[in-house]
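Asks:
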Amino acid sequence: MMIEILAYAVIGLYTLALAYVTLYCLMQFHLLLHYFRNKKATISPTSDRPFLPNEWPAVTVQLPLYNERYVVERLLENIVQLDYPSDKLEIQILDDSTDETQEVCQRMVRLYKEQGIHITYLHRHHRQGYKAGALKNGLSSATGDFIAIFDADFLPPKTFLTQTIPYFSDPQVGVVQTRWEHLNYDYSLITRLQGFQLNVHFTIEQSGRQAGKYFLQFNGTAGVWRRETIQDAGGWESDTLTEDLDLSYRAQLRGWKIMYRQDIASPAELPAEMHGLKSQQFRWMKGGAENARKLIPIVLASRLPWSTKVQAVLHLLSSSIFIVVFMLAILSVPALLMNNLVDLDMRIYWLCMTGMLTIGWVYFVANSDTAWVGLSFRQRLLRFTTMFPLFLSLSMGLSLHNSIAVLEGYRGKPSAFVRTPKFNLRRIQDQIKPGVYAAGKLSFTTLAEGVLALYFLSAIVFALSSGKTEFVLYHFMLMFGFGGIFFYSIRHLHVK
Numbered sequence: 001m002m003i004e005i006l007a008y009a010v011i012g013l014y015t016l017a018l019a020y021v022t023l024y025c026l027m028q029f030h031l032l033l034h035y036f037r038n039k040k041a042t043i044s045p046t047s048d049r050p051f052l053p054n055e056w057p058a059v060t061v062q063l064p065l066y067n068e069r070y071v072v073e074r075l076l077e078n079i080v081q082l083d084y085p086s087d088k089l090e091i092q093i094l095d096d097s098t099d100e101t102q103e104v105c106q107r108m109v110r111l112y113k114e115q116g117i118h119i120t121y122l123h124r125h126h127r128q129g130y131k132a133g134a135l136k137n138g139l140s141s142a143t144g145d146f147i148a149i150f151d152a153d154f155l156p157p158k159t160f161l162t163q164t165i166p167y168f169s170d171p172q173v174g175v176v177q178t179r180w181e182h183l184n185y186d187y188s189l190i191t192r193l194q195g196f197q198l199n200v201h202f203t204i205e206q207s208g209r210q211a212g213k214y215f216l217q218f219n220g221t222a223g224v225w226r227r228e229t230i231q232d233a234g235g236w237e238s239d240t241l242t243e244d245l246d247l248s249y250r251a252q253l254r255g256w257k258i259m260y261r262q263d264i265a266s267p268a269e270l271p272a273e274m275h276g277l278k279s280q281q282f283r284w285m286k287g288g289a290e291n292a293r294k295l296i297p298i299v300l301a302s303r304l305p306w307s308t309k310v311q312a313v314l315h316l317l318s319s320s321i322f323i324v325v326f327m328l329a330i331l332s333v334p335a336l337l338m339n340n341l342v343d344l345d346m347r348i349y350w351l352c353m354t355g356m357l358t359i360g361w362v363y364f365v366a367n368s369d370t371a372w373v374g375l376s377f378r379q380r381l382l383r384f385t386t387m388f389p390l391f392l393s394l395s396m397g398l399s400l401h402n403s404i405a406v407l408e409g410y411r412g413k414p415s416a417f418v419r420t421p422k423f424n425l426r427r428i429q430d431q432i433k434p435g436v437y438a439a440g441k442l443s444f445t446t447l448a449e450g451v452l453a454l455y456f457l458s459a460i461v462f463a464l465s466s467g468k469t470e471f472v473l474y475h476f477m478l479m480f481g482f483g484g485i486f487f488y489s490i491r492h493l494h495v496k
């Protein structure tokens, strides 16, 4: 009797989790429909572009840095090339570094000042507030009415400011966010899979939310803020790890608009090793949960339309999908073992393939409109059928790591802002510099990922020996995903 109750509980939880994932996929498809309906307006480089201003406003470019020895010189060489009236442009280096990044910055600042460039170097001897604290500190002395922000690995085009600033002719626009491109997309499988996912956010999600008149987000870099908007929304706060999402929502709740431009691209470097990817994912997932905890009550209490509230809540809860994905993975094995006790035909779960088909369409369109432009339909389809299963496996393999981050965010557990190190990698021949940014000891999470790979290998062996092969492909993807994350975590342990 007890085993039957347990079987019903397992099957019930598994079904609820699968239904949640299906709903998540359908909501992504909903954004895809908005993207299609407004594709011409959101992509065309000439659509809704305002006239150039008679007089360009003052702009401050803020460059928050922390120990970026490998990319800081490249960054500064790029930023000083921005095509904007020199008497209206200020460059602020906001440096919290403790390594030789300080000396590189100071040397280059002296050089550029001699050339008449308005560039200032602000160094803090602490990291209070982390990136949010550095931005807030810099804003207090900034001279610009508009604030452009770039992380250390970004290389915006020369025309970035002259392309974005005209959109502020609309007095309600508080932020202009641009699309990320990837300098090292083809460096490795890890970078290609990251680019594959980020291309969805910077097409379907951002453009779809804009087309549906839902809340968007500033992505922390490659965007411009109206200074008045930052101040009106309460300024930068460091009580979450994703200060960009936090300020984005507070600004929109105050009535400001975020303008997203898919046609303006800012290239950047993707994490090329597993520990850098994990630290970035941890910060994004935990910060998303912290913002959900902080902002959902405010959103629900606001006077926003209900459609906007629903989309905002789902957006803020999006990192929670990893908890559900991990629950699905763990429960799939006992569900397979116990399904005969509840007399359930497991083929009923194939109904949830509608969600997988729709999310597949989302990823195909997003990458066709960015990374695969110019390829034939056959070539794009071939790349998709290779990349999509690998991406799903990687995402499932990260589900334990990301679930821990999300749960810590909901619990309100404080943690440091761990930035993602970059190594100036573009070509396959470029090497990750060993021994500088130590990854530390082998973590419990990494060991657990290795155990989970064996767990799903055992499920495959059982399925093939017993004839219960309904989940064998799913379990193979889980074994590959957790095993791959474990393998790269061990391989990159001392090269971060």
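Mapping the sequence shown onto our numbering, position 194 (from 1) lands on 194, and the numbers just tick up by one. A virtual CB, placed ideally from N, CA and C, is assigned to each residue, including glycine. It should be emphasised that the depicted structure is a prediction, and the values quoted were computed from it without experimental measurement.
Quick one: residues in its chain with C-beta nearer than 6 angstroms to the C-beta of Q217, no 5 flanking neighbours on either side, listed in chain order?
Replies: L245 and S248.
Asks: Would A463 pass as a contact of M479 if the rule is Cβ separation under 9 angstroms?
Replies: Against a cut-off of 9 angstroms, the Cβ pair of M479 and A463 comes out as no contact.
Asks: To the nearest angstrom, report how far apart I258 and V325 are at their CA atoms.
Replies: Taking the straight line joining both Cα atoms gives about 31 angstroms.
Asks: What would DSSP say about Q262, mapped onto helix, strand or coil?
Replies: Strand.
Asks: Return the CA-CA distance between L473 and I460, expressed in angstroms with no decimal places.
Replies: For L473 and I460, the distance between alpha carbons rounds to 9 angstroms.
Asks: List, from N- to C-terminal side, the beta strand (DSSP E) runs of 3 residues or more that fit wholly inside the region 116 to 198.
Replies: 119 to 123, 146 to 149 and 173 to 182, all fully within the region 116 to 198.
Asks: Return helix, strand or coil for V224, following the three-state DSSP convention.
Replies: Three-state result, V224: strand.
Asks: Taking 9 angstroms as the cut-off, decide whether the C-beta atoms of A265 and W180 are in contact.
Replies: Yes, the pair counts as a contact, with Cβ atoms nearer than the cut-off.
Asks: Pairing CB atoms from the region 205 to 222 with CB atoms from the region 309 to 319, are three or more of them under 8 angstroms?
Replies: With a cut-off of 8 angstroms, the region 309 to 319 and the region 205 to 222 count as touching, because enough Cβ pairs lie within range.
Asks: Rounding to the nearest angstrom, what Cα-Cα distance links W236 and L33 in this structure?
Replies: So the two alpha carbons sit approximately 34 angstroms from each other.
Asks: For A416, count neighbouring Cβ atoms within 10 angstroms of its own Cβ and tell me buried if that reaches 16, exposed if not.
Replies: When all chains shown are included, A416 counts as exposed.
Asks: Find the nearest neighbour of L155 within the set I79, A134, R110 and E205, judged by alpha-carbon distance.
Replies: That would be I79, whose Cα lies nearest to the Cα of L155.
Asks: Report yes if the C-beta distance between F391 and R380 is below 9 angstroms; otherwise report no.
Replies: No, the Cβ-Cβ distance between F391 and R380 is not below 9 angstroms.
Asks: Pull up the distance between the alpha-carbon of F487 and that of L328, whole angstroms please.
Replies: For F487 and L328, the distance between alpha carbons rounds to 22 angstroms.
Asks: Would you be able to state if there are at least three C-beta pairs under 8 angstroms between the region 122 to 133 and the region 90 to 108?
Replies: A contact exists between the region 90 to 108 and the region 122 to 133.
Asks: For G450, which residues in the same chain have their Cβ closer than 6 angstroms to its Cβ, ignoring the five residues on either side in sequence?
Replies: So the qualifying residues of the chain are F486.
Asks: Under the three-state reduction of DSSP, which class applies to V10: helix, strand or coil?
Replies: Helix at V10.
Asks: Going by beta carbon distance, what residues of the same chain come within less than 8 angstroms of Q106, once the five residues before and after it are set aside?
Replies: These residues qualify, in order along the chain: Y121.
Asks: Residues in its own chain within less than 8 angstroms of T203 by CB, not counting five upstream and five downstream?
Replies: Cβ within range, chain order: Y35, R179, Q262, V365, A366, D369 and T370.
Asks: For P57, which residues in the same chain have their Cβ closer than 8 angstroms to its Cβ, ignoring the five residues on either side in sequence?
Replies: Excluding residues within five positions, the ones whose Cβ falls inside 8 angstroms are K88, G144, D145, F146, I165 and F168.
Asks: Taking 7 angstroms as the limit between beta carbons, can you name the residues of its chain near Y260, skipping five residues before and five after?
Replies: For Y260, where only same-chain residues beyond five positions count, the Cβ hits under 7 angstroms are Q177, Q206, S207, Q210 and L216.
Asks: I need the straight-line Cα distance from V173 to H201, nearest angstrom please.
Replies: V173 and H201: Cα-Cα distance of roughly 21 angstroms.
Asks: Which of the three DSSP states, helix, strand or coil, is assigned to E77?
Replies: Looking at E77 - three-state DSSP - the assignment turns out to be helix.
Asks: What span of residues does the beta strand (DSSP E) with T308 cover, start to end?
Replies: From DSSP, T308 is part of no beta strand (DSSP E) but of the alpha helix (DSSP H) over W306 to L316.
Asks: Is the Cβ-Cβ distance between F160 and A148 less than 9 angstroms?
Replies: Yes, Cβ-Cβ distance for F160 and A148 is below 9 angstroms.
Asks: Can you tell me whether I3 is buried or exposed, with buried defined as 16 or more other CB within 10 angstroms of its CB?
Replies: Burial call: exposed.
Asks: For I298, count the other beta carbons within 10 Å of its own beta carbon; 16 or more makes it buried, fewer makes it exposed. Which is it?
Replies: Under this definition I298 is an exposed residue.
Asks: Compare the Cα-Cα distances from I490 to each of F471, F444, S465 and E470 and report the closest residue.
Replies: The shortest C-alpha separation from I490 is found at F444.
Asks: Between which two residues does the alpha helix (DSSP H) containing R64 stretch?
Replies: Correcting the residue type first, residue 64 is Pro in the shown sequence and not Arg. Unbroken run through P64 is the beta strand (DSSP E), V59 to L65; no alpha helix (DSSP H).
Asks: For E90, list the residues DSSP reports as bridge partners.
Replies: DSSP, once it has assigned bridges, lists T60 as partnering E90.
Asks: Would you tell me roughly how many angstroms separate the C-alpha atoms of H182 and M353, rounded to the nearest one?
Replies: Rounded to the nearest angstrom, the two C-alpha atoms are 31 angstroms apart.
Asks: Note down, in chain order, each residue of its chain lying with its Cβ closer than 8 angstroms to the Cβ of L511, except the 5 sequence neighbours on either side.
Replies: Residue numbering for the chain in the displayed model covers 1 to 496; residue 511 lies beyond these limits and cannot be assessed.
Asks: Is K294 helix, strand or coil by DSSP?
Replies: In this structure, K294 counts as helix in the three-state DSSP scheme.
Asks: Report the option in G195, E228 and S238 whose CA atom is closest to the CA atom of A132.
Replies: The shortest Cα separation from A132 among G195, E228 and S238 belongs to S238.
Asks: Quick check: the Cα distance between P414 and L382, rounded to an integer number of angstroms?
Replies: Their backbone Cα atoms lie some 44 angstroms apart in a straight line.
Asks: Does the distance from the CB of Q28 to the CB of I359 come in under 9 angstroms?
Replies: Result yes, Cβ atoms of Q28 and I359 sit closer than 9 angstroms.
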